[in-house]
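Quick notes on the structure that follows.
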Amino acid sequence: MSHGLFVPLEYHPPGLDDFKFPGTFGVDWMDKSFWQAVIAAVVVMALWLWLSHSMKVVPGKRQVLAEYCYDFIRNTLVRDTIGHDFRKWLPYLVALFSFVLINNWFGELFFFMFPTFSRVGYVYGLALVSWVVYIGAGIRAQGPLKYFRSSVLPKGVPVGLWILIIPLEFLSNFITRPLTLSLRLFANMFAGHLIIMIFVVGGGFLLTYSGNPLFNVTGGLSIVFSFALFALELFVGFLQAYVFTVLSAQYVASSLDADH
Numbered sequence: 536m537s538h539g540l541f542v543p544l545e546y547h548p549p550g551l552d553d554f555k556f557p558g559t560f561g562v563d564w565m566d567k568s569f570w571q572a573v574i575a576a577v578v579v580m581a582l583w584l585w586l587s588h589s590m591k592v593v594p595g596k597r598q599v600l601a602e603y604c605y606d607f608i609r610n611t612l613v614r615d616t617i618g619h620d621f622r623k624w625l626p627y628l629v630a631l632f633s634f635v636l637i638n639n640w641f642g643e644l645f646f647f648m649f650p651t652f653s654r655v656g657y658v659y660g661l662a663l664v665s666w667v668v669y670i671g672a673g674i675r676a677q678g679p680l681k682y683f684r685s686s687v688l689p690k691g692v693p694v695g696l697w698i699l700i701i702p703l704e705f706l707s708n709f710i711t712r713p714l715t716l717s718l719r720l721f722a723n724m725f726a727g728h729l730i731i732m733i734f735v736v737g738g739g740f741l742l743t744y745s746g747n748p749l750f751n752v753t754g755g756l757s758i759v760f761s762f763a764l765f766a767l768e769l770f771v772g773f774l775q776a777y778v779f780t781v782l783s784a785q786y787v788a789s790s791l792d793a794d795h
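Residue numbers (our numbering): 536 to 795.
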């Protein structure tokens, strides 16, 4: 079956196995995704230390870039979402946006070519951090009893509806939020990377296929189209970092407000 309209049996389409990597030092979980997360954390720290070093009254190109990036996160993602108490949470949210963005863009960078957050465990871990942060923000601002009461029982709810509202609010604020926060990021990164792999791997196979010239043309078009997908995934990676950070900031804001 190596000619005509049949695909050779040697061809294996991309699938879940392409998202698994061998561990290092004999430790299974210390795989490519783990090292990418470590590298991204180091890059975030080094990048902001470099951008903020030797600030001057008359900024140079590096300082202009630093101020533009900082102001974008500060004003658009944090201040407009949290309000007047935003400064306390700004360092975390700046680091969060930078960390998510770099890990997302690893999927389009040579040598890496894999978005870290297409592995759901890492997304769960990051969502858990935001979960702890916004719950901690609420406890710090309102006290534990007042915070948990306001989280599960909004003001003005009739007593007869408490049996319905309390479990729904508990699920919404403490279970659904971190799950949707994580699954949204994971699904976009996983699907985007899988689609690119299909076009690149499948296109490369068809381009070198010797049984049908039409396959070669189709493969060439697939490879060309994959470059547009790379550009789209750069935008999607930025958008998902933006959404993850904005929602994290919104959850902090709702925890600070007893009347949310």
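Glycine included, C-beta positions come from ideal geometry on N, C-alpha and C.
729 is the residue among 715, 765 and 729 whose C-alpha sits nearest the C-alpha of residue 555.
Taking residue 726 as reference, the option from 639, 688, 593 and 677 with the minimal CA-CA separation is 639.
In this chain, the alpha helix (DSSP H) harbouring residue 728 covers 712-742. Take the alpha-carbon of residue 612 and the one of residue 547: they are about 43 Å apart. With a cut-off of 8 Å on Cβ pairs, the region 704-721 is in contact with the region 680-691, counting three or more such pairs. Assignment of residue 787 by DSSP, reduced to helix, strand and coil, places it in the helix class. Nearest Cα to residue 773 within the set 697, 607, 616 and 591: 607. Residue 562 carries a strand assignment under DSSP once its states are collapsed to helix, strand and coil.
Take residue 657, set aside five residues on each side of it, and the residues of its chain with a beta-carbon closer than 7 Å to its own are 568, 572 and 651, in chain order. Taking all protein chains shown into account, residue 702 has fewer than 16 neighbouring C-beta atoms within 10 Å of its C-beta and is therefore exposed. In this structure residue 553 touches residue 732 by the C-beta definition: roughly 6 Å separates them, less than 8 Å.
Taking a 10 Å sphere around the C-beta of residue 642, we find 16 or more other C-beta atoms and assign the residue as buried. In the structure shown, residue 691 falls within a coil segment according to DSSP collapsed to helix, strand and coil.
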